[in-house]
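K.L.:
This is the structure I have questions about; it appears just below.
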Amino acid sequence: MDSRPVGVFDSGVGGLTVLHECLVTMPHEDFLYLGDHARLPYGPRPLEEIRRFAREIGAYLEAQDVKLILVACNAATSAALPRLQEELAAPVVGVITPEAHAAVQTTRNRRVGLLATQATVDAGRYAELVHQLDAGISFHPLACPRLVPLIEGDDPYGEETELAVREYAAPLQQAGVDTVILGCTHYPLIRPVFQRVFGRDVTLVFSAEETAREVAETLGRKGIENEAGRVGRPRFLTTGDPEAFREMGRRFLQFPIAEVERVSVATLEAAA
27 MDSRPVGVFD SGVGGLTVLH ECLVTMPHED FLYLGDHARL PYGPRPLEEI
77 RRFAREIGAY LEAQDVKLIL VACNAATSAA LPRLQEELAA PVVGVITPEA
127 HAAVQTTRNR RVGLLATQAT VDAGRYAELV HQLDAGISFH PLACPRLVPL
177 IEGDDPYGEE TELAVREYAA PLQQAGVDTV ILGCTHYPLI RPVFQRVFGR
227 DVTLVFSAEE TAREVAETLG RKGIENEAGR VGRPRFLTTG DPEAFREMGR
277 RFLQFPIAEV ERVSVATLEA AA
């Protein structure tokens, strides 16, 4: 049995929606979560810059002796996953492949939409994976730059959020999609708003559960899972304000976070 933690990172607190599913699927594992809040958001940044951030964090987490790294950020997965898998000794899992698989399996009319950040749309990774699985699918990606600030704001379920969702949903509704990938880890927090706007005939795909299963399967396949029956412990790091992370993180993780440690951006830069 391998008692080392699983490393998880995101640009901020959105990846906690994925960590939540990992805690449910693997309650016996320890997790080390790093939110790069000082450099949030990743979405509007150039892909090369996001790639650099991801490589710094990956190197830092590997230096903390994690046994696997989960990139719980769609933009970072889009920009950097293949590079991280090549450069790091620890296995690396991202969040995009499980969602692409789920969307292809779900769609009935072969029209799939994607709502995501600009960087995730620009990277084109979703389209590539979807078309590898089914070249005949009509794929409709759309960047939603207003959503992350609204979701992290004081009133994520307010009128402004619903108006923004309706604006972004309109082109996908006009395209007749029956499946929409929520391609940002923040978006599940307002899933009821999306479902209300799209209606019951459109299936929303956010496969944190599938991602968690992939992590569990990878640990088992490599023989590095922890002892079953123990109670795992999550540990939290941020490059931003620990108190702000703790308060925002409680909203995303849906249980109290007792302690958050700060790691400086300079420390991450030095790790790479």
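Here the sequence shown stands for residues 27 to 298, numbered as in the working numbering. Glycine included, each C-beta is placed from N, C-alpha and C at the ideal position. These figures come from a predicted structure and were not determined experimentally.
(1) Taking the beta carbon of GLY275 as the centre, do at least 16 other beta carbons fall within 10 Å, making it buried, or is it exposed?
(2) On the DSSP letters alone, give me the boundaries of the beta strand (DSSP E) that THR264 sits inside.
(3) Between the C-alpha atoms of THR146 and PHE224, what's the straight-line distance to the nearest angstrom?
(4) For the beta strand (DSSP E) holding SER164, just list the boundary residues, first then last.
(5) ALA142 by DSSP, collapsed to three states: which one?
(6) Tell me TYR59's beta-bridge partners as DSSP assigns them.
(7) Out of ARG81, SER37, GLN90, which has the shortest C-alpha to C-alpha gap to ALA64?
(8) If you count every other CB in all the chains shown that lies within 10 Å of the CB of GLY162, and 16 or more means buried, which is it?
(9) Per DSSP, what kind of secondary structure is GLY120 in: helix, strand or coil?
(10) Check this for me: beta carbons of GLY246 and ASN252, under 8 Å apart or not?
(11) Tell me which residue opens and which closes the beta strand (DSSP E) that ILE207 is part of.
(12) The alpha helix (DSSP H) with LEU155 in it runs from where to where?
(13) Can you check whether the CB of GLY120 is closer than 8 Å to the CB of THR103?
(14) Would you give the residue range spanned by the alpha helix (DSSP H) that VAL257 belongs to?
(15) Would you call ARG151 buried or exposed, if buried means 16 or more other Cβ atoms sit within 10 Å of its Cβ?
(16) Count the other CB atoms within 10 Å of the CB of PRO214; is the residue buried (16 or more) or exposed (fewer)?
(17) According to DSSP, LEU230 sits in a beta bridge with which residue or residues?
(18) Among all the DSSP beta bridges, which residues are the ones paired with ARG288?
(19) Hey, how far is the Cα of SER29 from the Cα of ASP227?
(20) Using CA atoms only, rank isn't needed, just tell me which of PRO70, LEU66, ALA89, ALA105 is closest to ALA80.
P.N.:
With the structure as the only source:
(1) What you label residue 275 is simply residue 249 of the sequence shown in a count that begins at 1. Flag for GLY275 reads buried.
(2) What you label residue 264 is simply residue 238 of the sequence shown in a count that begins at 1. Segment 260-264, the beta strand (DSSP E) holding THR264.
(3) Here the question's residue 146 lines up with position 120 in the sequence shown. Here the question's residue 224 lines up with position 198 in the sequence shown. Roughly 22 Å between the two C-alpha positions.
(4) Taking the first residue of the sequence shown as 1, we reach residue 164 at position 138. Counting along the chain, the beta strand (DSSP E) containing SER164 begins and ends at 164-169.
(5) By 1-based counting over the sequence shown, the position of residue 142 is 116. Here ALA142 sits in strand by DSSP.
(6) Translated into the one-based positions of the sequence shown, residue 59 becomes position 33. For TYR59, the pairing in a beta bridge is given by DSSP as VAL34, PHE262.
(7) Here residue 64 is taken as the residue at index 38 of the sequence shown, counted from 1. Distances from the CA of ALA64 to each of ARG81, SER37, GLN90 were compared; the closest alpha carbon is that of SER37.
(8) If you number the sequence shown from 1, residue 162 lands on position 136. Per the 10 Å Cβ criterion, exposed.
(9) As a working mapping, residue 120 is identified with position 94 in the sequence shown. In this structure, GLY120 counts as strand in the three-state DSSP scheme.
(10) The count along the sequence shown starts at 1 and reaches residue 246 at position 220. The count along the sequence shown starts at 1 and reaches residue 252 at position 226. No, the pair does not count as a contact, with Cβ atoms beyond the cut-off.
(11) Position 181 of the sequence shown holds residue 207. According to the DSSP assignment, ILE207 belongs to the beta strand (DSSP E) that extends over 205-209.
(12) By 1-based counting over the sequence shown, the position of residue 155 is 129. First-last of the alpha helix (DSSP H) with LEU155: 151-159.
(13) Taking the first residue of the sequence shown as 1, we reach residue 103 at position 77. Taking the first residue of the sequence shown as 1, we reach residue 120 at position 94. For the pair THR103 and GLY120, the CB atoms are nearer than the 8 Å cut-off.
(14) Reading the sequence shown from its first residue, position 231 is the one you call residue 257. It is not in any alpha helix (DSSP H) - VAL257 carries neither H nor E in the DSSP assignment.
(15) In the sequence shown, residue 151 corresponds to position 125, counting from 1. Around the beta carbon of ARG151, 16 or more other beta carbons sit within 10 angstroms, so the residue counts as buried.
(16) Start at 1 with the first residue of the sequence shown, and residue 214 comes out as number 188. Its Cβ being crowded by 16 or more others within 10 Å, PRO214 is buried.
(17) Indexing the sequence shown from 1 puts residue 230 at position 204. Paired residue(s): VAL206.
(18) Here residue 288 refers to the residue found at position 262 of the sequence shown. For ARG288, which the question treats as bridged, DSSP gives the partners THR264.
(19) Residue 29 sits at position 3 when you count from the first residue of the sequence shown. Residue 227 sits at position 201 when you count from the first residue of the sequence shown. Roughly 44 Å between the two C-alpha positions.
(20) Along the sequence shown, read from residue 1 onward, the residue named residue 80 stands at position 54. In terms of CA proximity to ALA80, ALA105 leads the group PRO70, LEU66, ALA89, ALA105.
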